[in-house]
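Everything below concerns the one structure shown next.
Numbering (my numbering), first residue to last: 39 to 229.
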């Protein structure tokens, strides 16, 4: 049987060179890990920020009146005056304007939101969409705001609730929120 003897070269001895290589490798790994963690946190923060800020219509009008007279007049006109409009109620499209191209408001009920996705609407001048809520069961449904992606001038989405609800309930109703929209609500269950 052969005897093996260990010579000094077979031992791994820590040297300054080995330590520096390990230190650089560990530093690079730590930097990469930190970047991954920061990226994940950023994604989570962006997802959290996609919750819309919903405002009560009269309070928002008061804010606008104090800060932006022109925007106040526009929104007040949409809410309180007759405007060329498109109606999608009960999955039926009606346009109240000669050619439909100058309509500034789209009125819809909750049931017709899916209908809007599947038809061509003269949406190039629509600046406000008003969605009517008439049943308690509609408060648990989602409003996918991506259906309004082809409305280039859309600024306001208004929820018109004929039943008792609140801001927190409305906040939970939206998906695919984009910050270019201002979402307001009106509760009028007395009619």
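Here a beta-carbon is modelled for each residue, glycine too, at the ideal position from N, C-alpha and C.
For residue j and residue i, the rounded distance between their alpha carbons
{"i": "residue 125", "j": "residue 92", "result": "23 Å"}
{"i": "residue 118", "j": "residue 97", "result": "15 Å"}
{"i": "residue 67", "j": "residue 218", "result": "39 Å"}
{"i": "residue 194", "j": "residue 121", "result": "15 Å"}
{"i": "residue 226", "j": "residue 158", "result": "30 Å"}
{"i": "residue 127", "j": "residue 144", "result": "10 Å"}
{"i": "residue 147", "j": "residue 139", "result": "21 Å"}
{"i": "residue 174", "j": "residue 200", "result": "9 Å"}
{"i": "residue 112", "j": "residue 215", "result": "22 Å"}
{"i": "residue 154", "j": "residue 69", "result": "48 Å"}
{"i": "residue 134", "j": "residue 184", "result": "24 Å"}
{"i": "residue 123", "j": "residue 156", "result": "19 Å"}
{"i": "residue 83", "j": "residue 178", "result": "For residue 83, the predicted model reports a pLDDT of 42, less than 50, meaning its position is unreliable; a value from the coordinates is still stated below. Taking the straight line joining both Cα atoms gives about 25 Å."}
{"i": "residue 130", "j": "residue 106", "result": "36 Å"}
{"i": "residue 203", "j": "residue 172", "result": "11 Å"}
{"i": "residue 168", "j": "residue 65", "result": "55 Å"}
{"i": "residue 85", "j": "residue 152", "result": "Caution applies to residue 85, whose pLDDT of 42 falls short of 50 and renders its modelled position unreliable; the model cannot decide the point."}
{"i": "residue 61", "j": "residue 74", "result": "20 Å"}
{"i": "residue 116", "j": "residue 108", "result": "13 Å"}
{"i": "residue 150", "j": "residue 132", "result": "12 Å"}
Same chain, Cβ closer than 7 Å to residue i, five either side skipped, listed in chain order
{"i": "residue 110", "result": "99, 102 and 103"}
{"i": "residue 63", "result": "none"}
{"i": "residue 161", "result": "188 and 189"}
{"i": "residue 114", "result": "99"}
{"i": "residue 163", "result": "139, 140, 141, 142 and 191"}
Own chain residues within Cβ distance below 6 Å of residue i, not counting five before or after
{"i": "residue 224", "result": "95 and 198"}
{"i": "residue 221", "result": "90, 92 and 195"}
{"i": "residue 253", "result": "There is no way to answer for residue 253, as the model of the chain reaches only from 39 to 229."}
{"i": "residue 176", "result": "148"}
Min CB distance residue i to chain B below 7 Å
{"i": "residue 135", "result": "This model lacks chain B altogether; it includes just one protein chain."}
Contact set for residue i: own chain, Cβ-Cβ below 8 Å, skip 5 residues either direction
{"i": "residue 87", "result": "For residue 87, the predicted model reports a pLDDT of 44, less than 50, meaning its position is unreliable; a value from the coordinates is still stated below. Counting only Cβ-Cβ distances below 8 Å, and skipping sequence neighbours, we find nothing."}
Beta-carbon separation (whole angstroms), residue i vs residue j, contact threshold 8 Å
{"i": "residue 142", "j": "residue 170", "result": "Contact flag wrong, Cβ pair sits at about 17 Å."}
**Item:** the segment 182-193 in contact with the segment 201-211 per 3-pair CB rule at 8 Å
**Value:** no
**Item:** Whole beta strand (DSSP E) elements within the segment 139-200, 3-residue minimum
**Value:** 143-147, 166-171 and 194-199
**Whole runs of the beta strand (DSSP E) within the segment 99-144, excluding any shorter than 3 residues** = 123-127 and 130-134
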